[in-house]
Amino acid sequence: MMNLMGLMFLIPLIFIKNFWLVLVVLFLMSFMFMMKLSFGSIVCSVSYYLGMDLLSFSLILLSFWICSLMILASESLFKLNYYWDLFLFMIMSLMISLFLTFGSLNMFVFYLFFEISLVPTLFLIIGWGYQPERITAGVYLLFYTLLVSLPMMVALFYLWNYFYTLDFFFFFSIDNLVLYVCMNMVFFVKIPMFFIHL
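The structure is reproduced here in C-alpha cells:
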C-alpha cells in the first residue's frame, strides 16, 4: 500500500506548475507498482481492508495507465491554462478512489469507494467534456448509477445479516439469482447494453 501513500503525496505536486513532472512521477509510480507483483501468494499486500490478488493488481495497473494517458492526451489544457491544476486534482482523486476500489477485500469498502469514484468522474465530464450535452450526460451518469446502486446496498445489508461479514472470501457459496442480479446491476449500467446504458 506504499503506492497509495505515493498517490496521496502526488496531490501537492499537482500545484507546482509543471505538467511533465506530474506525468513522469505517475509513470514511475506505475512501474514501481508493477515491480511489486508477487506470484507466490493468492492475496498480497494485505492490510486492514485492502489487499491485492492478480485481478485487482491488473485493474489497478490499468487504472494507473489510463489516468496517465488521460493526462498525456489533455496537454492542450495545460497549454491553454484551462484550470489544469483542478483537472489534475480530479484525475488524482479518481486514481486514488479506483486504487482503493480495486484493492479492497471487503464488499462494503468496495461499494463505498466505487460510489466515491463517481464524483471525480462526474466533475471531469461536466468540467472538461467537449460536447454540449456534457451536463445531461453527467446528470444521467449520476442518477443511473445512484438508482441502480441501491439494490446493491440492500443486497450488502442482506449478506451482512446472513453471514455477519462482508469479506469476499465468504461469498463463493451463494447461488441466489436475485442476489446476483442486485449485486451486478450497478456494473451493468457501465456496460453498453440496450435499455440500461444511455
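Counting in the working numbering, the sequence shown runs from 373 upward without gaps.
Every residue gets a Cβ at the ideal spot worked out from N, C-alpha and C, and that includes glycine.
All values derive from a computational prediction rather than experimental measurement.
Close Cβ partners of residue i (< 7 Å) along its chain, the five nearest in sequence each way excluded
{"i": "Met406", "result": "Leu433"}
{"i": "Ile497", "result": "Arg506, Ala509, Gly510, Leu513"}
{"i": "Ser476", "result": "Tyr421, Leu422, Phe482, Phe485"}
{"i": "Leu494", "result": "Gly510, Leu513, Leu514"}
{"i": "Phe540", "result": "Leu477, Met479"}
{"i": "Met524", "result": "Tyr483, Cys554, Met555, Met557, Val558"}
{"i": "Leu528", "result": "Met479, Phe480, Tyr483, Leu538"}
{"i": "Phe399", "result": "Ser440"}
Buried or exposed by the 16-neighbour rule on C-beta atoms within 10 Å, applied to residue i
{"i": "Lys456", "result": "The residue asked about is misnamed: residue 456 is Trp in this sequence, not Lys. So Trp456 counts as buried."}
{"i": "Met380", "result": "exposed"}
{"i": "Ile546", "result": "exposed"}
{"i": "Ser465", "result": "buried"}
{"i": "Ala445", "result": "exposed"}
{"i": "Pro504", "result": "exposed"}
{"i": "Phe515", "result": "exposed"}
{"i": "Pro492", "result": "buried"}
{"i": "Leu549", "result": "exposed"}
{"i": "Phe535", "result": "exposed"}
{"i": "Val526", "result": "exposed"}
{"i": "Phe544", "result": "exposed"}
{"i": "Met565", "result": "exposed"}
Nearest-angstrom beta carbon gap, residue j and residue i [assumed within contact, 8 Å]
{"i": "Phe485", "j": "Leu472", "result": "4 Å"}
{"i": "Tyr489", "j": "Leu470", "result": "A small correction: the amino acid at residue 489 is Ser; Tyr does not occupy that position in the sequence shown. Right, their Cβ atoms sit about 6 Å apart."}
{"i": "Met575", "j": "Phe436", "result": "Only positions 373 to 570 of the chain appear in this structure, which leaves residue 575 out of reach."}
{"i": "Val394", "j": "Ile386", "result": "6 Å"}
{"i": "Leu538", "j": "Leu531", "result": "6 Å"}
{"i": "Leu431", "j": "Phe403", "result": "Not a contact, Cβ separation roughly 17 Å."}
Strand pairing of residue i, partner residues [DSSP]
{"i": "Ser448", "result": "BP columns for Ser448 are empty, so no partner."}
{"i": "Met424", "result": "Cys416"}
{"i": "Asp547", "result": "According to DSSP, Asp547 bridges with nothing at all."}
{"i": "Asp539", "result": "Asn478"}
Bounding residues of the alpha helix (DSSP H) (the contiguous stretch that carries residue i)
{"i": "Leu477", "result": "Looking at the DSSP string, Leu477 is not in any alpha helix (DSSP H), and its letter there is neither H nor E."}
{"i": "Asn533", "result": "506-535"}
{"i": "Gly499", "result": "490-500"}
{"i": "Phe566", "result": "That residue, Phe566, is in no alpha helix (DSSP H); it is neither H nor E in DSSP."}
{"i": "Met404", "result": "391-406"}
Sequence-distant residues of the same chain with beta carbon closer than 6 Å to residue i, five excluded per side
{"i": "Phe391", "result": "Phe450"}
{"i": "Ile383", "result": "Met464"}
C-beta neighbour in chain E for residue i, strict 8 Å
{"i": "Tyr421", "result": "This model lacks chain E altogether, as it is built from one protein chain only."}
Cβ neighbours of residue i in the same chain (closer than 8 Å, five flanking residues each side left out)
{"i": "Ile463", "result": "Cys439, Met442, Ile443, Pro492, Leu496"}
{"i": "Met377", "result": "none"}
{"i": "Tyr552", "result": "Ile546"}
{"i": "Ile468", "result": "Leu376, Leu379, Met380"}
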